[in-house]
Ligand SMILES: NC(=O)c1ccc[n+]([C@@H]2O[C@H](COP(=O)([O-])OP(=O)(O)OC[C@H]3O[C@@H](n4cnc5c(N)ncnc54)[C@H](OP(=O)(O)O)[C@@H]3O)[C@@H](O)[C@H]2O)c1
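Residue numbers (our numbering): 124 to 382.
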């Protein structure tokens, strides 16, 4: 059962997809978002207005008296922030799947990670209760604070070390990111025949449900698995003018056959 109130005061560093959705959820769960930092003042203010918070665009103006600092900026910028921000013993975490916890070493003696294993966009509110929250912290105080916060927003929380989390993120890129790219290619192929993408939606949903139910290896079907060579050849010919897609098709088909 979620509690509706919390005394924690939080500073959000970042105003993009994750900062927006996490900020909205944290506020809804009763946390106080004291400040939003983002290099673009317009972006910082947009999110701060949504969260009834204040906006800053300079790291020197980040307050020093909050309980938790969540860095949700692009991966390469975490280091940039770490070079400039000093928060003593305040708990500071980032939200990246692929960056180690110790990148935050110079910011604070108490550091951690809050990696939500889901895809986020500003425009779409996710179902936080179902999102696995992968946590890491280097101190008992950090572990307790992070676990307390995480339990209020999700039913799926786990402490996972940096190297396992990086592997998890790599797997997530294949499962989510690359799958979505395949949808984009499919949409492109359909557009050339003026066919709508929605025709593929039942197939996409059933593929995902089936993989969840019986496991992806057992769920695999298609011409590559059946070694239907005539069809494989025909598809290669159909992609003669789209060399990038033709290469991808051949390489993924080979991978399906190898596995
Ligand atoms: N999106 C996802 O699905 C997802 C899922 C799980 C974890 N994550 C992780 O969450 C983090 C944020 O991802 P996102 O998708 O929310 O990113 P995003 O939407 O692209 O937003 C990037 C943010 O980084 C800020 N930024 C860019 N350059 C900066 C710099 N040099 N210094 C400080 N801030 C800078 C931007 O600020 P301005 O707009 O003001 O320039 C913006 O607020 C990443 O570590 C990512 O790996 C993302």
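Glycine is no exception: its CB is placed at the ideal position from the N, C-alpha and C atoms. Quick caveat, the model's predicted, so the values are computed rather than measured.
For residue i, the residue or residues it bridges with in DSSP
{"i": "residue 231", "result": "Residue 231 pairs with nothing; no bridge assigned."}
{"i": "residue 259", "result": "236"}
{"i": "residue 216", "result": "193 and 235"}
{"i": "residue 244", "result": "247"}
Extent of the continuous beta strand (DSSP E) to which residue i belongs
{"i": "residue 374", "result": "First-last for residue 374: 366-381, but that is the alpha helix (DSSP H), not the beta strand (DSSP E)."}
As assigned by DSSP and simplified to three states, the class of residue i
{"i": "residue 126", "result": "Here residue 126 scores only 46 on pLDDT, less than 50, and its place in the model is too uncertain to base an answer on."}
{"i": "residue 239", "result": "strand"}
{"i": "residue 196", "result": "coil"}
{"i": "residue 178", "result": "strand"}
{"i": "residue 254", "result": "coil"}
{"i": "residue 134", "result": "strand"}
{"i": "residue 321", "result": "helix"}
{"i": "residue 225", "result": "helix"}
{"i": "residue 209", "result": "coil"}
{"i": "residue 185", "result": "coil"}
{"i": "residue 297", "result": "helix"}
Endpoints, the alpha helix (DSSP H) within which residue i is located
{"i": "residue 283", "result": "Looking at the DSSP string, residue 283 is not in any alpha helix (DSSP H), and its letter there is neither H nor E."}
{"i": "residue 161", "result": "No alpha helix (DSSP H) contains residue 161, which DSSP labels as neither H nor E."}
{"i": "residue 332", "result": "324-337"}
{"i": "residue 302", "result": "302-314"}
{"i": "residue 142", "result": "140-151"}
{"i": "residue 360", "result": "352-361"}
{"i": "residue 347", "result": "346-349"}
Check each residue's C-beta against every heavy atom of ligand 1 and list, in chain order, those closer than 5 angstroms.
137, 138, 139, 140, 141, 161, 162, 163, 166, 195, 196, 197, 198, 200, 203, 218, 219, 242 and 243
Examine the Cβ distances between the region 272-284 and the region 302-310 and report whether three or more of them are shorter than 8 angstroms.
no
Is the region 227-235 close to the region 246-253, with three or more CB pairs under 8 angstroms?
no
Should the region 193-213 be regarded as contacting the region 166-179, the criterion being three or more beta carbon pairs within less than 8 angstroms?
no
Is the number of C-beta pairs between the region 261-270 and the region 152-163 that are closer than 8 angstroms three or more?
no
Counting pairs of beta carbons, one from the region 136-151 and one from the region 185-195, are three or more of them closer than 8 angstroms?
yes
Give a yes or no on contact between the region 286-303 and the region 210-227, applying the rule of three or more CB pairs nearer than 8 angstroms.
yes
Can you confirm whether the region 269-276 touches the region 149-156 when touching is taken to mean that 3 or more C-beta pairs between the two stretches lie within less than 8 angstroms?
yes
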